[in-house]
Structures are given as structure tokens and as C-alpha cells.
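Student: Below is the structure I would like to discuss, written out as C-alpha cells.
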Amino acid sequence: MILMIALVLFYKLRISIDGETLCASFGIGIRKKVRLAKVAGCEAIRIRWWYGWGIHLTPHGWLYNVSGFDAVAITLRDGGKFALGTDDAKGLAATIRASGMSSRTQ
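According to my numbering, the residues represented by the sequence shown are 5 to 110, in order.
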């Protein structure tokens with residue numbers, strides 16, 4: 005039963021940029037939203053295998069990941085950090101920069 009619940013909650017990570025907001029959502033309702041205006045920087049990174057999958061605290065802040073070892077580390081203007089796992093880390097970082105950071109410091 006616990007495995008089934010975990011599968012429903014974490015089966016997929018969808019990352020989208022909707023207007024001025026970056027949103028990462030797992031399965032059916034776990035979400036991380038941040039306004040692009042609050043993003044100070046981002047970079048493609050390679051995460052360690054022992055950081056695991058799911059939601060974990062890492063040196064890059066909270067990591068939201070469902071598979072693989074590529075992620076985008078995001079630094080917020082208030083000093084907060086988190087990372088989003090993705091198959092295309094360089095592409096996601098470039099999209100975040102183009103969507104809201106191009107007129108701000110990177």
C-alpha cells in the first residue's frame with residue numbers, strides 16, 4: 005500500500021514556466037512554485053547518485069527529482085536554493101534565463 009501511494013505521488017515530475025512563474029509538480033499535487041523575478045541565478049549540474057529520487061535535502065537545497073543525475077540548481081534572491089531534476093538540464097537553465105532572467109543579473 006505504501007509503495008502504491010509513493011508511486012501515485014512521485015511517478016512524474018512536470019516542470020513548466022507559466023507567465024512569470026516556474027512550477028515543478030510531482031504526480032497528483034506536490035508542487036514547488038517560484039516567481040521568476042525571485043530567481044537570482046541557475047545552472048545545470050550533475051547530482052550524486054546517493055542524493056536519490058523524490059524530494060531530498062542536498063547541498064544544492066531541496067532536490068526534486070524522479071530519475072537520472074542531471075538537474076538545474078536555482079538560487080533565489082533571498083539566498084534560498086533548490087534543484088530540479090531533468091533530462092535536459094542545459095535546456096531548462098537556458099529557458100529559465102530567457103523567460104525571466106534576461107533583464108536581470110544572472
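No residue lacks a Cβ here, since even glycine has one placed at the ideal position from N, Cα and C.
What residue range does the alpha helix (DSSP H) around ILE51 cover?
Tutor: Here residue 51 refers to the residue found at position 47 of the sequence shown. Run containing ILE51: none; DSSP gives neither H nor E here.
Student: Just to confirm before moving on: does the CB-CB distance between ILE51 and ALA28 stay below 8 Å?
Tutor: For the purposes of this step, residue 51 is taken as residue 47 along the sequence shown, with counting starting at 1. For the purposes of this step, residue 28 is taken as residue 24 along the sequence shown, with counting starting at 1. No, they are not a contact pair.
Student: Work out the CA separation of LYS94 and ALA48 for me, nearest whole Å.
Tutor: Sequence index remark: in the sequence shown, residue 48 carries index 44 (1-based). Sequence index remark: in the sequence shown, residue 94 carries index 90 (1-based). C-alpha separation (whole angstroms): 5 Å.
Student: Is there at least one non-hydrogen atom of the ligand ZN closer than 7 Å to the beta-carbon of GLY58?
Tutor: In terms of ligand content, the structure shown is empty, and the ligand ZN therefore cannot be addressed.
Student: Rounded to a whole number of angstroms, what is the C-alpha to C-alpha distance between THR90 and SER71?
Tutor: Position 86 of the sequence shown, counted from the first residue, corresponds to residue 90. Position 67 of the sequence shown, counted from the first residue, corresponds to residue 71. In a straight line, the C-alpha of THR90 is about 8 Å away from that of SER71.
Student: Just reading off the beta strand (DSSP E) that GLY58 is part of, what are its end residues?
Tutor: Counting from one through the sequence shown, the residue named residue 58 turns up at place 54. It spans 58–62 - the beta strand (DSSP E) in which GLY58 sits, taken as one unbroken run.
Student: Going by Cα to Cα distance, which pick from ALA98, ARG101, LEU67 is closest to GLY85?
Tutor: One-based indexing of the sequence shown puts residue 85 at position 81. According to the sequence as given, residue 85 is Lys; it is not Gly. When each option's Cα is compared against that of LYS85, the closest is LEU67.
Student: When the Cα atoms are used, what is the spatial distance from ALA77 to ILE6?
Tutor: As a first step, residue 77 must be located in the sequence shown, where it is residue number 73. As a first step, residue 6 must be located in the sequence shown, where it is residue number 2. The alpha-carbon atoms of ALA77 and ILE6 are separated by roughly 30 Å.
Student: From which residue to which residue does the alpha helix (DSSP H) around ALA93 run?
Tutor: Translated into positions along the sequence shown, residue 93 becomes position 89. Where ALA93 is concerned, the enclosing alpha helix (DSSP H) stretches over 93–100.
Student: Could you tell me the boundaries of the beta strand (DSSP E) in which ARG35 lies?
Tutor: Along the sequence shown, one-based indexing puts residue 35 at 31. Start and end: 34–39.
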